[in-house]
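Here is the structure we will look at.
Pasting the structure below:
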């Protein structure tokens, strides 16, 4: 060992001290260490950070880093199976417990950090492996990173001028999706949710068939427009009829079979019926992946009918579209989708992209501009230095449009197309596993039908109802069990599975596996936890 | 100085080394230091982080911390006046320079970090103090923090069940906003942008006046519905007429005065004209803060006419609504807003909330549910354990609805109502400063009108056009200067100011001050930079 000079040693000590300090500060910033931030950023107010003070970069970084701390802890909890999914409180109780009020005076940054913690404490962890409640589950980390960047970039998608990179990414992603549908060309847009995507399809169809409509309105059509959809469709289809002035009476529900699939012969019968009465059938919505049962309407047969009667065929694949990635599951479910005129497909559902990310695709190039352009001169001038065809604002019925592309694009880069395919196959495999496990326990569970997708429909049987013959009378009782058991799930906070009635049966459970977090163990937990919470339920 | 034992010294060295390592690691995590991350997280792929591996918490934190690094650097640049606003590239060039492609195979996390950097490098810095281009400018840090949390919470706003905290926050914020409009009661919703907010108002008006419309459609009305709006209104108003089946021919443009304000006598004349022809005037849109000129329609006089002819009065205050905070500027601009039936107000504009955040308010309790409910049984069951009045999904024409409230709520907590008032007064003060500075340089700038808001409309005069009399011929030349000068701004990347023509004049510049980052110095920079870039422009 060499000898240390006194000066050298002091200088060394100083370095040590600085590094220790740095280590502590930074450990706190990254949320990994116990040593908590010693600085006083928490006592500052909004006007001590950017952009209010030019020299406020350190405080700004520190404040945001502390917020990120809170978020990283939350993400950890979301993925921790020992954590509860929710801390349920009744609305009135929650309002009393939490200070949600807006004050005249600013609150300090430390209070905002507490606000963030509080919000997350009582928020439902939709990314938890035991959350089977909604079509959108899971918390994809890469998509999350994309959404954080989107927020920092804080731009609007209407012109290339202010969103150049994101506009080009949209073009790449949407073209890829159209190709997967089976189209070489066409038009697409991202919309704020599947309902608005379906609305875009409706508007494009109406414009395509009756271009005078845009200016002259409904009165320019001889006869009343009529649209068709199955009785299992998403309610937004009916909503189009109301919004667009048809009236919901002219949105005709086509009966479905016992698996929830539209019956093509019924469709044709109803089309004929309305033609005979002088109405104008012009739009058919086929669903690929219904909300409740996960059913797929027979696209080929529907396409034949649309062709025969010159109607626009829209496929609402908001839910089922993700299966286009899977060689194994795409057929026969989505066979014929390329014959559609338009397709809705929500990456925020089966693909796990963060909310919101919904797309709608059209077979016809330029149709969105033709249909929706209002030609606002102040945005879409033609004397720009770049080709204004890159501006998307005049294609849409929104003006401001949120950047929903980056989180999807980044996720796709990270997973690769093959990663999405593996994801789809895995989800389906898990749903098949769940079906098997349900069938193995016929005393406790009753499978309602063999699903085509990751929606599994079933009843849970508490002790009171086991061993009794299955009839309509028992179904009513099983329906009553659902609300009670769901209440127990919410109160215990350990599990969330949705339930609903449909037109054939009272309440039943519909679980969804669309999160990459779920494993066979979690499926087992779902069933055993339902049994733990529900076995002693007694219904009238 | 005490003597060191050899063991003690070694142990001390080990501590030093660890602290140095920690310091370096964490410095990198927080993006403040040069020492870069030594770990190999970058070589990992998506399936090495959560939720794909249970033990992946450290890698996940690290990946996200590195993304945050990139974002914090970007935020620093956004606020650095020495940084350019944009690195402009033509679309074709950008597509060649950047790899936007989606591949079959996954890319490693380090590539995703590079992707993030690249996206930000070519993205326009809309929060930069020299960005005067759009109604939405600025990057509010607290709102940004709110959006990051929103992404991590990744939920949907349709039910209290899955968004309890956020639903309650919506109630608090929207009630506060209604109170500021001047209503004690009512109904409100957040929508994806002002255009959809205006669509909600149109739908509510139609439903309120003609409730049979929802089911029976347009054919149930004797006579053709007609709506009115000024010729300066946002184009989304006209779009409602197209979307909803009226036809744009039945959206009547009311002439405005030279300041861009609707002329009430003209409105009344046109209403009478259409009534006389058997049409049904039912909806008037008044604009508070027009997009181009920032004009305020005279609300009291319009309200009188609406009352007289039993028409719904909507105020599109998407842009001007923020001035409701200001005791100094609220009147006379928004005097009479409380007489409206509905009001659109976008916090993502003047209030600086991150995109998107748009609200629409109604005087009538329960109107949204009455108007839009489709009663999807699978979501909005009435046998839930909490009062289903807290579920908002059936009030809206979307189904999935993004959480746009948290970023606004947190921002409001941070600024306080008084902070928003100071913000509004400051923005107006800066616009007044800009007007003064323009008037002080009549050789270089021509003020088009005294603005009512932060929109300043003016021409820039290159040397070629100075000292010549101002006439229509010169205006055409000044119009040509705009596109050329804007091109130079884009190429130099130092400044962005928008331009457009209107129906009275060719192209002119319209600058916007809506960012809290802007100071008097930045206003001076805007004008001097325009002169630097533009003085030698020559037009035909």
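Protein chains in written order, with my numbering: chain H, 3 to 542; chain G, 3 to 542. All C-beta atoms, glycine included, are put in the ideal place defined by N, C-alpha and C.
Three-state class that DSSP yields for residue i in the structure shown
| i | result |
| --- | --- |
| residue 469 (chain H) | coil |
| residue 195 (chain H) | coil |
| residue 321 (chain H) | coil |
| residue 54 (chain G) | coil |
| residue 502 (chain G) | strand |
| residue 474 (chain H) | helix |
| residue 48 (chain G) | helix |
| residue 159 (chain H) | coil |
| residue 361 (chain G) | strand |
| residue 516 (chain H) | coil |
| residue 185 (chain G) | coil |
| residue 345 (chain G) | strand |
| residue 190 (chain H) | strand |
| residue 591 (chain H) | Any answer about residue 591 (chain H) is impossible in this case: the structure gives chain H only from 3 up to 542. |
| residue 204 (chain H) | helix |
| residue 26 (chain G) | Confidence at residue 26 (chain G) is low in this model, with a pLDDT of 41, below 50, so the placement of that residue should be treated as unreliable; the coordinate-derived value is given next. Reduced to three states, the DSSP call for residue 26 (chain G) is helix. |
| residue 102 (chain H) | coil |
Distance, residue j Cα to residue i Cα
| i | j | result |
| --- | --- | --- |
| residue 353 (chain G) | residue 80 (chain G) | 19 Å |
| residue 83 (chain H) | residue 265 (chain H) | 43 Å |
| residue 284 (chain H) | residue 251 (chain G) | 23 Å |
| residue 228 (chain H) | residue 241 (chain H) | 14 Å |
| residue 207 (chain G) | residue 375 (chain G) | 15 Å |
| residue 541 (chain G) | residue 91 (chain G) | 24 Å |
| residue 468 (chain G) | residue 479 (chain G) | 12 Å |
| residue 526 (chain G) | residue 126 (chain G) | 21 Å |
| residue 537 (chain H) | residue 464 (chain H) | 4 Å |
| residue 454 (chain H) | residue 247 (chain H) | 35 Å |
| residue 420 (chain H) | residue 165 (chain H) | 29 Å |
| residue 225 (chain H) | residue 278 (chain G) | 26 Å |
Bridge partners - residue i, DSSP secondary structure assignment
| i | result |
| --- | --- |
| residue 151 (chain G) | Partner(s): none; residue 151 (chain G) has no beta bridge. |
| residue 283 (chain H) | H:228 |
| residue 254 (chain H) | H:230 |
| residue 462 (chain H) | H:447 |
| residue 264 (chain G) | G:258 |
| residue 540 (chain H) | In the DSSP output, where bridge partners are listed per residue, residue 540 (chain H) has none listed. |
| residue 457 (chain H) | H:514 |
| residue 315 (chain H) | H:286 |
| residue 134 (chain H) | H:499 |
CB contact flag (residue i, residue j, <8 Å)
| i | j | result |
| --- | --- | --- |
| residue 519 (chain H) | residue 140 (chain H) | yes |
| residue 151 (chain H) | residue 408 (chain H) | yes |
| residue 405 (chain G) | residue 196 (chain G) | no |
| residue 189 (chain H) | residue 370 (chain H) | yes |
| residue 302 (chain G) | residue 337 (chain G) | yes |
| residue 363 (chain H) | residue 180 (chain H) | yes |
| residue 515 (chain H) | residue 451 (chain H) | no |
| residue 412 (chain G) | residue 138 (chain G) | no |
| residue 253 (chain H) | residue 273 (chain H) | no |
| residue 244 (chain H) | residue 216 (chain G) | yes |
| residue 326 (chain G) | residue 447 (chain G) | no |
| residue 263 (chain G) | residue 299 (chain G) | yes |
| residue 160 (chain G) | residue 401 (chain G) | yes |
| residue 357 (chain H) | residue 45 (chain G) | no |
| residue 231 (chain H) | residue 256 (chain H) | yes |
| residue 134 (chain G) | residue 491 (chain G) | no |
| residue 120 (chain H) | residue 68 (chain H) | no |
| residue 432 (chain G) | residue 355 (chain G) | no |
| residue 209 (chain H) | residue 372 (chain H) | yes |
| residue 393 (chain H) | residue 93 (chain G) | no |
| residue 543 (chain H) | residue 383 (chain G) | Summary: the structure shown does not reach residue 543 (chain H), with chain H confined to residues 3 through 542, and so no result is reported for it. |
Taking one C-beta from the region 308-318 of chain H and one from the region 341-352 of chain H each time, how about it: are there three or more such pairs within less than 8 Å? yes
Please determine if the region 529-541 of chain G and the region 440-449 of chain G are in contact, where contact requires at least 3 C-beta pairs separated by less than 8 Å. yes
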